[in-house]
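Step one of this worksheet: look at the structure below.
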Amino acid sequence: MQRFTIPRDIYFGENSIEHLKTIKGTKAMLVIGSERLIADGTIPKIQGLLAEANIETSVFSGVESDPSVETVRKGAQALNEFNPDLIIGIGGGSPIDAAKAMWIFYEYPEFTFEEAAKPFNLPELRQKARFIAIPTTSGTGTEVTSFSVIADSETGVKYPIADYNITPDIAIVDTSLAQSMTKKLVANTGMDALTHAFEAYVSTVRNPITDALAMKSIEMTVENLVKSYNGNVEARNNMHISQCLAGMSFSNAILGIVHSMAHKTGKIFNIPHGCANAIYLSYVIEFNAKVAGEIYADIAKRLSLKGNTTEELVTSLVNLVKEFRNAMGMPSTLKEFGLSEEEFKRNLDEISKTAVADPCTGTNPREISVDEMKKLFEATYYGEKVDF
2 MQRFTIPRDI YFGENSIEHL KTIKGTKAML VIGSERLIAD GTIPKIQGLL
52 AEANIETSVF SGVESDPSVE TVRKGAQALN EFNPDLIIGI GGGSPIDAAK
102 AMWIFYEYPE FTFEEAAKPF NLPELRQKAR FIAIPTTSGT GTEVTSFSVI
152 ADSETGVKYP IADYNITPDI AIVDTSLAQS MTKKLVANTG MDALTHAFEA
202 YVSTVRNPIT DALAMKSIEM TVENLVKSYN GNVEARNNMH ISQCLAGMSF
252 SNAILGIVHS MAHKTGKIFN IPHGCANAIY LSYVIEFNAK VAGEIYADIA
302 KRLSLKGNTT EELVTSLVNL VKEFRNAMGM PSTLKEFGLS EEEFKRNLDE
352 ISKTAVADPC TGTNPREISV DEMKKLFEAT YYGEKVDF
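Its first residue numbered 2, the sequence shown is counted upward by one per residue in the working numbering.
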């Protein structure tokens, strides 16, 4: 038996945020990153809509990129002081992920982070509050997923929390909120979305439902990402929907070693998550192709890429990823990103061990040893073809 879990309701499209006027509740805590969303009017608008529903609001701001355990604890304390029956994560992946983790400790103050980090180990939520997610960037898909990624600021390692309990009750994917993204953010989040869909499509626990969502997302991303990067409004709207499709897919099919590698190097090397995925994706496709070549070839065929053999089609898919990176001015290697060889070598053994141990490694189509992971990291640093 398999399971497929997504939010009970997803409201999407232009001005879908208006649904907040009909929400049932008494008090809502809004969790955001920087106060930019206050200055640009997004948060005041949301507060106004909630006021129409007679809901009192409070704002917790300051969630950093790669939210930390410390921030989650501060947020949980703020929740306990305000005692809301609604928690609303607003922004990119970081504030929404942080809000999910805060929710856990709001409902279960004695629960530990170590327990929360064990996959599918959370107690039953919704004892105190329901959860609403409103993304303003187009990449993480966290508004529809059962994941939250929190960073240990002492070690620099990211820990994905995975449990269907933290799948939001409602996702509001308002395309008008994605129009103010910078070009760099469009590139990073877009490549994150593409990686989500690719990894879900080749996952060892994929199924026809996740495949359908992943493939549609891939098609939409390939058609719209570069156009969105270049400022096309319709393409940016389409990317906001595409990343949501990818989120629903990977929340149920899980991911692979692109994310394992990104989780264990983002904080240590200060690489934005989507940028790390963009670098690693082409090399991981080459690595996985030994066992998943036919699946990658299927993606290439559906995209009408050139190739008569599996090998040719996989090569075309790898080249497509490289073309996206080039078109959006993204680095193709860790060295090109600016990481020094000395720092890379100093951390190589540790990131290889922790990446293999990451939960996402378990659903990668090809098993990988620590030694192979080291070789794969080296390929991504120096830009070498993966032929092992």
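Each residue gets a CB set at the ideal place from its N, CA and C atoms; glycine is no exception.
Bridge partners - GLY92, DSSP secondary structure assignment: In the DSSP assignment, GLY92 forms a beta bridge with PRO136.
Beta-bridge pairing of VAL150 - partner residues as DSSP gives them: PRO161
Local conformation of GLU116 per DSSP, three classes: Collapsing the DSSP output to three states places GLU116 in a helix.
Close beta carbons around MET221, own chain, < 6 Å, minus the five adjacent residues each side: ASN239 and SER243
Where SER406 sits in the DSSP three-state scheme: Nothing about residue 406 can be reported from this structure: the residues present for the chain run from 2 to 389 only.
Those runs of the alpha helix (DSSP H) which lie wholly inside the segment 315–356 and span at least 4 residues: 335–338
Neighbourhood of HIS241 by C-beta distance below 7 Å, restricted to the same chain and skipping five residues each side: SER139, VAL174, THR176 and ALA179
Alpha carbon of ILE133 to alpha carbon of VAL223, nearest angstrom: 29 Å
Neighbour-count burial assignment, LYS101, 16 or more Cβ in a 10 Å radius: buried
Identity of the residues DSSP links to ALA29 by a beta bridge: THR58 and LEU87
Between the CA atoms of ALA77 and PRO110 - distance to the nearest angstrom: 8 Å
ALA391 in three-state terms, based on DSSP: Any answer about residue 391 is impossible in this case: the structure gives the chain only from 2 up to 389.
Candidates TYR160, ALA130 and LEU304, of which the one nearest LYS119 by Cα: TYR160
Sequence-distant residues of the same chain with beta carbon closer than 7 Å to MET374, five excluded per side: SER353, ALA356 and VAL357
LEU51 to ASN16 span [Cα, whole Å]: 14 Å
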